[in-house]
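Chains as they are written, first to last, in the working numbering: chain E, 1130 to 1289; chain R, 55 to 215.
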């Protein structure tokens, strides 16, 4: 009798907390509220690169990524045609065209800000317009071709 | 009856303080999922030797399992690198190893490319940041004693493909 009473008292005392938690989760699910919707957009690179502006668009399943980046490496560096790789959240290439035409190179001066456009990204499945999504950016550069380096970046933004 | 009291104390303790454990775990989980503990983005690459030997460039390549370090001889005299005393190691990974470069001359005012080959280790993967310690043994052939010296430098770099 006492044990049953204890259990009843326990439920009576803490039951409201369980009901409250379940109600909140239920309401959030009903309104399709995801915590990621309220998170701010961001573009973060390691200290070698400063991300000034960014945009991901999806036009009928074909994506474009625009990045405005500053070279904070402290030296003039060279980028090759395949120097920028965009990875989907969780892995896999976003399937964009190379940064430059095959075999081409571009110089990126110390402190210089450049706009990089990666277009014709064909692997945009799941990157719906109006949703915030994450991509990983790998930039490969060199001062001397025998000594390549890679910089990593992370973008969380609204797909437009 | 004693055991009952003990278990009652445990239950009461959990009921009172469990929300703290749960909220701490939830906070850590949320921070982890947002990449707070991912220091890939916050740590710049570094290569530091002393002023007489300036580290000009380096690379850590997973595809070819090599680590190459370009160092400038600002010592003001020609040197000779001794292979047996030239080494690279990862103080945080005992499994890390490389084959050292060969003995080679190092003229004053020029760069030497120290090439460590067949590098392997549990963290020698693309995207990983390694903190390595490099030791270079050298002597000056023109000096009367040709005493061996050790140059120690630190390299923090990201492994590239």
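C-beta: ideal position from N, C-alpha, C; glycine also.
Query                                                                                                                                                                                    : Result
Are the C-beta atoms of residue 98 of chain R and some chain E residue less than 7 Å apart?                                                                                              : yes
Using the three-state DSSP reduction, which class does residue 1258 of chain E fall into: helix, strand or coil?                                                                         : coil
When the Cα atoms are used, what is the spatial distance from residue 1188 of chain E to residue 1231 of chain E?                                                                        : 25 Å
Rounded to the nearest angstrom, how far is the Cβ of residue 140 of chain R from that of residue 190 of chain R, given a contact under 8 Å?                                             : 5 Å
So for residue 1284 of chain E, helix, strand or coil by DSSP?                                                                                                                           : strand
Going by DSSP in three states, residue 1253 of chain E sits in which element: helix, strand or coil?                                                                                     : coil
In three-state terms, what does DSSP make of residue 1217 of chain E?                                                                                                                    : strand
Can you pull the DSSP bridge partners for residue 1239 of chain E?                                                                                                                       : Looking at the DSSP assignment, residue 1239 of chain E forms no beta bridge with any residue, so it has no partner.
Taking contact to mean 3 or more Cβ pairs, one atom from each stretch, closer than 8 Å, check whether the region 120-132 of chain R and the region 158-175 of chain R are in contact.    : yes
Closest to residue 151 of chain R by C-alpha separation, out of R:167, R:165, R:177, would be which residue?                                                                             : R:177
As a quick exercise: from E:1259, E:1283, E:1260, pick the residue whose alpha carbon is nearest that of residue 1268 of chain E.                                                        : E:1283
So what's residue 1174 of chain E in DSSP terms, helix, strand or just coil?                                                                                                             : strand
So which residues of chain E does residue 122 of chain R contact, with C-beta pairs closer than 8 Å?                                                                                     : 1275, 1276
With a threshold of 16 other CB atoms inside 10 Å of the CB of residue 1289 of chain E, please say whether the residue is buried or exposed.                                             : exposed
Count the CB pairs spanning the region 1231-1243 of chain E and the region 71-87 of chain R that are closer than 8 Å, and state whether there are at least three.                        : no
From the DSSP output, in three-state form, read off residue 180 of chain R for me.                                                                                                       : coil
Going along chain B, which residues have a C-beta under 8 Å from residue 214 of chain R?                                                                                                 : Among the chains of the structure shown, chain B does not appear; the protein chains present are E and R.
Taking 6 Å as the cut-off, is the C-beta of residue 77 of chain R nearer than that to any heavy atom in the ligand COA?                                                                  : Looking for the ligand COA in the displayed structure turns up nothing, as the structure carries no ligands at all.
Write down every uninterrupted run of the beta strand (DSSP E) in the region 144-210 of chain R whose length is 3 residues or greater and which is fully enclosed by it, in chain order. : 151-153, 158-160, 165-174, 183-193
Can you give me the Cβ contacts of residue 136 of chain R inside the same chain, cut-off strictly under 8 Å, excluding the 5 residues immediately before and after it?                   : 157, 191, 192, 193, 202
Restricting to Cα atoms, I'd like to know which of E:1271, E:1170, E:1280, E:1198 is closest to residue 1207 of chain E.                                                                 : E:1271
May I ask you to list, following chain order, the residues of the region 1131-1149 of chain E that have a beta carbon less than 7 Å from some beta carbon of chain R?                    : none
Could you tell me the distance, in whole angstroms, from the CA atom of residue 142 of chain R to the CA atom of residue 121 of chain R?                                                 : 9 Å
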